[in-house]
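Report on one structure; see the data block that follows.
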Amino acid sequence: MVCTSRKHSKKRDAILGIIRSTSVHPSAHWVYERLRTSISGLSLATVYRNINLFRGEGLIKSVCVVDGEERFDGRIEPHLHFICTCCGGVFDLPYPDPLFKSFIDIEKMKGFTVDYRKTVFYGLCVHCTEK
Ligand SMILES: [Zn+2]
Ligand SMILES: [Zn+2]
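Sequential numbering from 244 applies to the sequence shown in our numbering.
Have a look at this one:
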């Protein structure tokens, strides 16, 4: 007899773990390709389903769509992103988001509450610049 809930939580832990352990801001495909050999019976649909659950629970964030694929982040505190228009790389910028707090204050005065905001910069990454 197989305990299915245990199997499901193992997949869940592996999917969340790999998203949190990488800085590449992976797509669902990337996660699936990394885990498919180590987790038997894993499907892309399972990866998508878990990613949607994690996002609903606030465990991960959706960063942006690059080349038609949504990219996710295991780092949930506000931070800035840089997207390379050449290789599609998504990078964390080593600066805090300076506008985050002031936006919350401003919007609250108008009766709105900001949960989060996204700031994304586009350009060429270090590797693509050197090419
Ligand atoms: Zn690049
Ligand atoms: Zn990030």
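Quick reminder that beta carbons are idealized off the backbone N, C-alpha and C, glycines included.
- For arginine 255, the Cβ stays outside the 7 Å cut-off from all heavy atoms of ligand 2.
- Phenylalanine 334: member of the beta strand (DSSP E) spanning 333–335, first to last residue.
- Isoleucine 258 is bridged by DSSP to nothing; it lacks a bridge partner.
- Those residues having their beta-carbon less than 5 Å away from any non-hydrogen atom of ligand 1 are, in chain order, Cys327, Cys329, Cys330, Gly332, Cys368, Cys371.
- Out of Glu373, Cys371, Ile258, His268, the CA that lies nearest to the CA of phenylalanine 297 is found in Ile258.
- Taking all protein chains shown into account, cysteine 330 has fewer than 16 neighbouring C-beta atoms within 10 Å of its C-beta and is therefore exposed.
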